[in-house]
Amino acid sequence: MPVDGHESLRETRSPNRFVGLVGPVKSGRVSNMARTFLPKIAVVLLGAVALLAAGIPLGLYWLGLSNIEGRPEPPTQTSHVIADNQVLQRELRMQGPIVIDALNPWLFIVDALREAPRIPSEHARSMRAVGIIVGNYNSSHLRNHRMIWWHVSDMSLTIWVTRHWTTDEIVTAAAALSRSRPYPDFHN
61 MPVDGHESLR
71 ETRSPNRFVG
81 LVGPVKSGRV
91 SNMARTFLPK
101 IAVVLLGAVA
111 LLAAGIPLGL
121 YWLGLSNIEG
131 RPEPPTQTSH
141 VIADNQVLQR
151 ELRMQGPIVI
161 DALNPWLFIV
171 DALREAPRIP
181 SEHARSMRAV
191 GIIVGNYNSS
201 HLRNHRMIWW
211 HVSDMSLTIW
221 VTRHWTTDEI
231 VTAAAALSRS
241 RPYPDFHN
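Written out as structure tokens, the structure is:
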């Protein structure tokens, strides 16, 4: 005879015992187990998802840096930073000064997801100065040149440069590289 409309459970001699798909179970024990065990599983799963979400950007950062041989050296002279800033403003079609903020793997991903590619902001244009340095360095210092490695290494070195170089060093190095290129390819 079905209990509560469930044909998988049938009544036995004791009114508190049912035989289900996995054997005899006390009806009060199921709800007790559900109250104590399921929240623990939910907390563990949420913790694992949070740990994974926090760890993936950091793991990609370390993985990208491991693919780069060495690190770029900042320029020793930054005495012409005003002229270099003007060169980069013209090349990057910027109105204001170049301002570089130190990034971390999580901010980099948030900025990449937030930025509209069709109309870059002044912040995105400023970050292109770092991109000039990173692209130039990575063109000859990557261990693996496959496309996925290129992108991960570019992201990692961009973060590394913003954390280890000053804005003046970035402006000076990017301006020197833009002067040395016959046809700059970083407009917009």
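Residue 61 is where the sequence shown starts when you use this note's numbering, and the numbers rise one by one after that.
Cβ coordinates follow ideal geometry from the N, Cα and C atoms, glycine included.
Values in this document were obtained by computation on a predicted structure and should not be read as measured data.
Can the beta-carbon of residue i be found less than 8 Å from the beta-carbon of residue j?
i: T222; j: D144; result: no
i: L237; j: N196; result: yes
i: V194; j: D171; result: no
i: I219; j: Y121; result: yes
i: N204; j: I128; result: no
i: S258; j: G156; result: Outside the displayed span of the chain (61 to 248) sits residue 258, for which this structure offers no information.
i: I192; j: A162; result: no
Three-state secondary structure (DSSP) at residue i?
i: A235; result: helix
i: L202; result: strand
i: E229; result: helix
i: I101; result: helix
i: I160; result: coil
i: H247; result: Caution applies to H247, whose pLDDT of 47 falls short of 50 and renders its modelled position unreliable; the value that the coordinates give is listed next. In this structure, H247 counts as coil in the three-state DSSP scheme.
i: F78; result: Caution applies to F78, whose pLDDT of 49 falls short of 50 and renders its modelled position unreliable; the model cannot decide the point.
Alpha carbon to alpha carbon, what distance is there between residue j and residue i?
i: E229; j: M154; result: 19 Å
i: W166; j: L118; result: 8 Å
i: R131; j: S200; result: 11 Å
i: S186; j: I169; result: 17 Å
i: T138; j: L112; result: 41 Å
i: G107; j: L173; result: 24 Å
i: L202; j: R150; result: 30 Å
i: N248; j: E182; result: Confidence in N248 is poor, its pLDDT being 43 and thus under 50, which makes the residue's placement too unreliable to answer from.
i: T96; j: P134; result: 57 Å
i: V103; j: R188; result: 41 Å
i: V190; j: H224; result: 12 Å
Residue i and residue j look like a contact to me (Cβ under 8 Å); what is the Cβ gap, rounded to whole Å?
i: T227; j: V159; result: 7 Å
i: V141; j: R239; result: That pair is no contact at about 14 Å.
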